[in-house]
Structure formats: C-alpha cells, structure tokens
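Residue numbers (my numbering): 8 to 430. From the three backbone atoms N, C-alpha and C, an ideal C-beta is built for every residue, glycine too. The block underneath contains the structure these notes are about, expressed in structure tokens.
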C-alpha cells in the first residue's frame, strides 16, 4: 500500500462527523515512546503496530527520536524530495502515517512524548490547563498562571508534576540500563515543567538546531551502553505560526534543520555507531493557514448566548476558556449547555459535550478522574477559524495554526531507519 493510500485508509477509519479522532490503540503519535523503548527491549507501554518498523532490523543499541515541531504528514511529503534527510528516510527507511493526539497541540503531544500517556491520562488538554479546584488556568510549559497581572504572583498553586498527572518514561528506561537524554533549547530546560516531565533523563542544553545536531552526534559516539536520546526542534513551528505553512521562513527553517541533522547523523557519524543506531523522525502535529487578524477568528465572547451561559467563579467572573485555540474548552452553568451549543453551531462551530468527547475517545481510549475534572462541559472547534476571546490577543495575528481535528493538523509522519542505511 502506498503512503498516500495508508494515509487515506487511516483517515477513513478515524473520521467522525468530519473530525479526525486519534487511533490511540494503533497508529498514533501517543505510541511513539513505547515503540522507541521496544526497540531497546524495554516495555514502557503501548507501541505502534510492528509494520511501523518492518524494514528496520531490531539489533540496535541506540535510539534517537527527533521531533520536528509542526512537520505534519502533508508537508513531509510535499517538501520531502527537496531535503536530503527526508528523501533518504522515505527511500531507505520506513515512513508511516500516524494520527496526532487530540488536541493536535504541542503542549499535549510533548507531554505524551515524555510520559507515554494520552492526554486523558496526563491531563494537559492544550497549552492552557484548567485547575477547577483552584479556580485558575495554568500555562503548562512556562508553568505560570494564565494572564496574571503585573503585580500578581504568576506561580501556580500546585507543582508542575501535579499539572502533569502522569509519570515520565525515563526512570523506567534508566532502570533497564538505558542511558537517556533530552536535547533541546537551553531556555526550555531546567524549568519546573522540564524538571518534572524529563525526570530521570540528562538535560542537554543547546543554542540552536546546528548545535543540537552536533550534540546528538557527540553523545552517540561517547555514550557507554544502550541509549535513548530525544531531540526537539521548534524552528518550523515558530516560522509557520508567524508567516504561514508555505512561507520562505518555514522553508528556510526546514532546510537548516535537515542539513544540520544530515551532516551530524550520517555524514560525520562514525560507521560503527551508525550501524547500531535507530533514527526515528516524527512530528507532534501538522498545520493549516488562516487569515491573520480578526477575519480569521471567531470571538466566542462576542456571542451573547455563550457569555451568558458560561459558569462563574466565586468572584462572579466568567470561567475563562482553556485548552487550545483550535479545540477550546468552555465551562457552562447548569441548564445552559444546549443554549451555548446552539449559539456556537449557528456560527459554524462543531461542538461536543464532555460525554461526546469521552465516547469518541478524543483524549484517549479510556477516561480518567483527571479527564472528568479538566474537560470542559463543551469542547468546540471550527473548520475555518481560530477560536479566541478577549485575553487571547496574541493569537489573532497568527497565520499558521494547529490544535484542531482536521486532516492536515492531525496526520503526522513516523519515519524510521538504521543510520547506516542513510550513509
């Protein structure tokens, strides 16, 4: 079956009323950590079907997982022939389409990558996480209260390991004798989120993707014994948000990343290490373009029936939305769910109740107490618009977005090859 046919079949299986639902028990990004660990003989949870590594021999000592933030399935294939790393992976390795997790958000997916748990278990349903017992919304990565005033303390009322309700995968790998490391930008390491979610792994700070690729090569050539190394590259995501999914800035970022990784991982890497190393290249989500500015947005607070239906905090203020701007959660007062839902649908939104989200398995194959606490009474998306509200001004000018359940946002590549086959 061709790559195009595989993707079409996956979408056909996983589409419900025009929404792509993750294939958590099969071909899903959530199963990448388990697959990488399986390659080293360590069981940390569910893995991808064996076909995902069908052409890759299993006798390896090192696994490198490179996550190119935002390089969805569509762009991997659209642009792959122009970049040596992607072209060689397609020609000499195995490339498989996966569904992202829901939401197709970096915060949700990255937390899954480091815990092996779907969002229903780890509780991060987008960039913003609601803690209803504390009447607050926390930004997961910076671990700060959303929209804290200049004179307010932004420190959340709970620690980061209580925002993320799942344990990291690294202690289990280390206990099995696998040396683990996380390689990414220095300003994202040593944070409360990193210390909780990367616990057990060595944090390797780098300045940029070129430095990161070199750090990968040096680690592979020096590590003693089996190893697992995760490398995160953010540049494609940043360029796509600001300039769009086919912009010069995006293409430049992809070229810089793939050149650096090609040079480090198979041009310069010694052949003996390359023969013992499995490379996995994947992405957390894809992208779609929207009109920048108010024309590309639906302000849910501009709909009277919605604002009048929102639940209130103890101070009488509406509970602020949370989750992701393409998959937004709303807390609705008792008896007002149907009114708010009809009002949103009148503007073209697709709206699910908490029960609908649970029944479809959007956040995972099984619900959990954290799902019940943190999922909205209504969860909404729109096929053509970003969903915003008064304190979401930074999203209004963005061109490229993700987080929603459309095919381009929800399909990602899983490319795997022994590094010696790329040399």
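Could you have a look at residue 246 and say whether DSSP puts it in helix, strand or coil? Stepping through the chain shown from its first residue, residue 246 is reached at position 239. Here residue 246 sits in helix by DSSP.
Output the boundary residues of the beta strand (DSSP E) element that contains residue 423. For the purposes of this step, residue 423 is taken as the residue at position 416 of the chain shown. Taken as a continuous stretch (DSSP letters only), the beta strand (DSSP E) holding residue 423 covers 418-425.
In terms of DSSP beta bridges, what is residue 188 paired with? Within the chain shown, numbered from 1, the residue matching residue 188 stands at position 181. In the DSSP assignment, the residues bridged to residue 188 are 209 and 236.
Straight-line Cα distance separating residue 194 from residue 396: Stepping through the chain shown from its first residue, residue 396 is reached at position 389. Stepping through the chain shown from its first residue, residue 194 is reached at position 187. If you draw a straight line from the Cα of residue 396 to the Cα of residue 194, it comes to about 29 Å.
Can you say whether residue 87 is buried or exposed, counting buried as having 16 or more other CB atoms within 10 angstroms of its CB? By one-based count along the chain shown, residue 87 stands at place 80. Its Cβ being crowded by 16 or more others within 10 Å, residue 87 is buried.
State the Cα-Cα distance for the pair residue 378 and residue 168, rounded to the nearest angstrom. Along the chain shown, one-based indexing puts residue 378 at 371. Along the chain shown, one-based indexing puts residue 168 at 161. Each residue's alpha carbon lies about 16 Å from the other.
Measuring alpha carbon to alpha carbon, tell me which of 310, 173 and 251 ends up nearest residue 51. For the purposes of this step, residue 51 is taken as residue 44 along the chain shown, with counting starting at 1. Ranking 310, 173 and 251 by Cα distance to residue 51 puts 173 first.
May I ask you to report which of helix, strand or coil DSSP gives residue 58? Within the chain shown, numbered from 1, the residue matching residue 58 stands at position 51. Reduced to three states, the DSSP call for residue 58 is helix.
Quick one: does residue 396 have its CB under 8 Å from some CB of chain D? Although the question refers to chain D, the structure presented lacks it and comprises just one protein chain.
According to DSSP, is residue 152 helix, strand or coil? Stepping through the chain shown from its first residue, residue 152 is reached at position 145. Here residue 152 sits in strand by DSSP.
Alpha-carbon spacing of residue 58 relative to residue 145, whole angstroms: As a position in the chain shown, residue 58 is number 51, starting the count at 1. As a position in the chain shown, residue 145 is number 138, starting the count at 1. Distance between the alpha carbons of residue 58 and residue 145 is about 39 Å.
Might you give, ordered along the chain, the residues of its own chain that have their beta carbon closer than 8 Å to the beta carbon of residue 418, omitting 5 neighbours on each side? Taking the first residue of the chain shown as position 1, residue 418 is located at position 411. Hits under 8 Å: 14, 17, 18, 27, 79, 80, 81, 104, 105, 106, 107 and 293.
Could you tell me which of 43, 54, 335 and 297 sits nearest to residue 30, measuring between CA atoms? Here residue 30 refers to the residue found at position 23 of the chain shown. Residue 30 has its Cα closest to that of 54, out of 43, 54, 335 and 297.
Residue 106, DSSP secondary structure in three states: Your numbering for residue 106 matches position 99 in the chain shown. If DSSP states are grouped into helix, strand and coil, residue 106 belongs with the strands.
Counting C-beta neighbours from all protein chains within 10 Å, is the total for residue 150 16 or more, i.e. buried, or is it exposed? The count along the chain shown starts at 1 and reaches residue 150 at position 143. With 16 or more other Cβ atoms inside 10 Å of its own Cβ, residue 150 counts as buried.
How big is the Cα-Cα spacing for residue 179 and residue 352? One-based indexing of the chain shown puts residue 179 at position 172. One-based indexing of the chain shown puts residue 352 at position 345. So the two alpha carbons sit approximately 45 Å from each other.
Euclidean distance between Cα positions of residue 234 and residue 192: Mapped onto the chain shown, residue 234 falls at position 227. Mapped onto the chain shown, residue 192 falls at position 185. Approximately 20 Å between the Cα atoms of the pair.
Helix, strand or coil, according to DSSP, for residue 330 in the structure here? Your numbering for residue 330 matches position 323 in the chain shown. Strand at residue 330.
Please list the terminal residues of the continuous beta strand (DSSP E) segment that includes residue 306. Against the chain shown, residue 306 aligns to sequence position 299. Looking at the DSSP string, the run of the beta strand (DSSP E) that includes residue 306 is 304-306.
Buried or exposed for residue 231, please, with buried defined as at least 16 other CB atoms from any protein chain shown within 10 angstroms of its CB. Position 224 of the chain shown holds residue 231. Exposed: under 16 other Cβ atoms inside 10 Å.
Sequence-distant residues of its chain with Cβ nearer than 8 Å to residue 312 (five each side left out): Counted from its first residue, the chain shown places residue 312 at position 305. 346, 347, 349 and 350.
Every unbroken beta strand (DSSP E) inside the segment 23-76 [3 residues or more]: 69-75
On the DSSP letters alone, give me the boundaries of the beta strand (DSSP E) that residue 284 sits inside. As a working note, residue 284 is residue 277 in the chain shown. Here the beta strand (DSSP E) through residue 284 covers 284-289.
For the alpha helix (DSSP H) holding residue 204, just list the boundary residues, first then last. If you number the chain shown from 1, residue 204 lands on position 197. Counting along the chain, the alpha helix (DSSP H) containing residue 204 begins and ends at 199-204.
What does a CB cutoff of less than 7 Å around residue 222 pick up in its chain, not counting 5 residues either side in sequence? In the chain shown, counting from the first residue as 1, residue 222 sits at position 215. Here the set comprises 190, 211 and 213.
If you run the structure through DSSP and keep just helix, strand and coil, what is residue 196? Within the chain shown, residue 196 is the residue found at index 189, counting from 1. Correct three-state label for residue 196: coil.
Residue 389 - DSSP class collapsed to helix/strand/coil: By 1-based counting over the chain shown, the position of residue 389 is 382. DSSP places residue 389 in coil when its eight states are reduced to three.
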